[in-house]
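Student:
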Amino acid sequence: MAFRSVFDAEALRNEFEMAGISSQLIPRIWKHVRQKPNVDLDEVPSLPAAAYPILRSKFRAMTSSLSSNADSKDKLTTKLLIRLQEGTGSGCHATGCGSSNGDAAHMGRKEGPTEKMWHCWHHQRMHGLCCFLIGVGGNGAMVEAVIMRYDTRLGKYDGKPRPGGLRATLCVSSQVGCKMACKFCATGTMGFKNNLSSGEIVEQLVHASRFSDIRNVVFMGMGEPLNNFNAVVEAIKVMTASPFQLSPKRVTVSTVGIINAIKKFNGNLPSVNLAVSLHAPDQETRCQIMPSARAFPLGRLIEALLEYQKKSQQKILIEYIMLDAVNDLLEHAHQLGKLLQTLEVNYFLKSLLIHLRPKFEHREITEFCLGTSGLELSAMPSIVGSLPVVNLIPYNPIKSSSNFRTSKKENVEGFQKVLRGVYNIRTTIRQQMGTDISGACGQLVVNLSEQRSTEGACLLSDIEDLRI
Ligand code: SF4
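Numbering (this note's numbering), first residue to last: 869 to 1336.
#1: In angstroms with no decimal places, state the Cα-to-Cα distance between Leu1114 and Ile1082.
#2: Got a sec: does the ligand SF4 put a non-hydrogen atom nearer than 7 Å to the Cβ of Ala1049?
#3: Pull up the DSSP beta-bridge partners for Asn1084, would you.
#4: Thinking Val1194 and Gly1089 are a contact (beta carbons under 8 Å), I'd like their distance in whole angstroms, please.
#5: In chain order, what residues of the same chain lie with their CB nearer than 7 Å to the CB of Asn1134, ignoring the 5 residues before and after it?
#6: Terminal residues of the continuous alpha helix (DSSP H) containing Pro921?
#7: Rounded to whole angstroms, what is the Cα-Cα separation between Ser1275 and Leu1260?
#8: Relative to the C-alpha of Ala1076, which candidate in Asp910, Glu954, Met1016 and Ala919 has its C-alpha closest?
#9: Below 8 Å, how does it come out for the region 1043–1053 and the region 870–884: are there three or more Cβ pairs, yes or no?
#10: CB Pro1419 to CB Lys899, shorter than 8 Å?
#11: Using the C-alpha atoms, what's the distance from Val1101 back to Cys988?
#12: Any idea if Val874 is buried or exposed, counting beta-carbon neighbours within 10 angstroms, 16 or more meaning buried?
#13: Considering only C-alpha positions, which residue in the set Gln1284, Asn1279, Leu1174 and Met1190 is nearest to Leu1255?
#14: Start and end of the beta strand (DSSP E) containing Leu1120?
#15: Using a Cβ-Cβ cut-off of 6 Å (strictly less than) and excluding sequence neighbours within five positions of Pro1149, which residues of its own chain qualify?
#16: Using beta-carbon positions only, say whether Ala1099 and Ser1065 come within less than 8 Å of one another.
#17: For the ligand SF4, I want to know if Val1140 counts as a neighbour, meaning its beta carbon is within less than 7 Å of at least one of the ligand's heavy atoms.
#18: Which value, in whole angstroms, describes the spacing of the CA atoms of Ile1069 and Ser891?
#19: I'd like the span of the beta strand (DSSP E) that includes Asp1188, first residue to last.
#20: Is Pro1116 helix, strand or coil when you go by DSSP?
#21: Can you list, in chain order, the residues of its chain with a C-beta nearer than 6 Å to that of Ala877? Leave out the 5 residues immediately preceding and following it.
#22: Taking 8 Å as the cut-off, does the region 899–910 touch the region 920–931 (at least 3 CB pairs, one atom from each stretch)?
#23: Is the distance from the Cβ of Leu1034 to the Cβ of Asp1019 below 8 Å?
#24: Mark Ala918 as exposed unless 16 or more other C-beta atoms lie within 10 angstroms of its C-beta, in which case mark it buried.
#25: Rounded to the nearest angstrom, how far is the Cβ of Phe1272 from that of Leu1197, given a contact under 8 Å?
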């Protein structure tokens, strides 16, 4: 029988409520499990007597187990290989995933590929940061979570040494496989296998917390997080509550652009960062490399982002993979710059206001602002400065996934120069971490000669630094 994770908050809450047990006791259980992940739930102290049979019969402290871990040579990156419980079908029950996630979500994990089929997958993380290896053994699917450690004191800010210190970011997976089929991504060739439950997502944080004090969480692992919306929302709510207490501002969800989910993102997850994998400045190129773009046309995506930006007043992070001669030319940089300027909702209003202020009353300007943008005048300055931040990601060639090539260093730098210099868009180049251990995992399916080249990577700040 498959057990639920004790971190499946909704399931546990429902069970407790049905038994007349206060759900306020739940964080106490989580705190105990976080400190002792292998604990028998009978050992959690000070719960009402009625809680123990429920916990014993339906839940486990951890449904996943750490299969292995590997450190990069510089010790800055640790990859965790996590084995999920077999045949739980947890994605279906725990996430309330709904029909939009496809039938596969309801198949249960036993319907997943065999070990032969999935001997190993090297996942190039195109939403974000990481490379993932997954497989299915006799005991359930495996996913990887990656811990990346940064020293925020490196480099300068405003001409002075940066404040801060060592911190760790955890990159988590939200699905086994992915249905979005991006052509540059090995996972895209797998198809969708299953949703992780919210508990399985949180358990990645519990495993990682044994290695590092995690400050940031990014949903840039395997899967499209917004295709597992309910579980991701619930997992983030757990991660940002006691005992984990992550700041929502330090959580980033990366999406290829699921428009209907973007529209409800801010309402469900205020203050959580949204990153969008744009990867091309026009619909045609986007469709070539991301088949899902047909369902989520660029024009409608930009409208949804504009709406998100107005509502949330938050910066959007744009991720852009650099593919040689596909999307990395200077003309693409100009197209992207112009496209992103449309997200600066008050780009024109800003200059207009400068002219209006001496000539019109405050009330008139306020009415004008509300009429044209739906925003109060007081909201304008913060929005005006909110052009998206672009993160350029040097492509890591993977034989099994595509014929794409890594952009030349000068193309990446030229692209960055155009966005920064001509369009005043803050543009960084993705820092490459843990290349050596990614290679180790990738060797199962990828030859060393196919490993990523880091030559094109300028080591700049990563996505979590973009708010600084
Ligand atoms: S959305 Fe695309 S890049 Fe992200 S995991 Fe799925 S196939 Fe890969």
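Idealized CB from N, CA, C, for every residue including glycine. Note that the structure is a prediction, hence the values are computed from the model and not measured.
Tutor: Short version:
#1: Between the C-alpha atoms of Leu1114 and Ile1082 there is a straight-line separation of about 8 Å.
#2: In this structure, Ala1049 has its beta carbon less than 7 Å from a heavy atom of the ligand SF4.
#3: Thr1037
#4: Actually they do not touch by this definition, with Cβ atoms about 24 Å apart.
#5: Beyond the five residues adjoining it in sequence on each side, Asn1134 comes within less than 7 Å, by CB distance, of Tyr1176, Lys1179 and Ser1180 in the same chain, given in chain order.
#6: Ala919 to Lys926
#7: 11 Å
#8: Met1016
#9: Because the criterion of three Cβ pairs below 8 Å is not met, the region 1043–1053 and the region 870–884 do not touch.
#10: Residue 1419 cannot be examined here, being either before or after the span of the chain that is shown, 869 to 1336.
#11: Below a pLDDT of 50, predicted positions are generally treated as unreliable, and Cys988, at 32, falls in that range; no measurement from the model is reported.
#12: buried
#13: Leu1174
#14: Contrary to the premise, residue 1120 reads as Thr rather than Leu in this sequence. Segment Val1119 to Thr1123, the beta strand (DSSP E) holding Thr1120.
#15: His1200, Gln1203, Leu1204 and Leu1207
#16: yes
#17: No.
#18: If you take the alpha carbons of Ile1069 and Ser891, they lie about 20 Å apart.
#19: For the record, residue 1188 in the displayed sequence is Tyr; it is not Asp. Segment Leu1185 to Met1190, the beta strand (DSSP E) holding Tyr1188.
#20: In the three-state reduction of the DSSP assignment, Pro1116 falls in the helix class.
#21: Glu1102 and Val1106
#22: Enough Cβ pairs lie closer than 8 Å, so yes.
#23: yes
#24: exposed
#25: Leu1197 and Phe1272 do not touch by the CB rule: their CB atoms are close to 14 Å apart, not below 8 Å.
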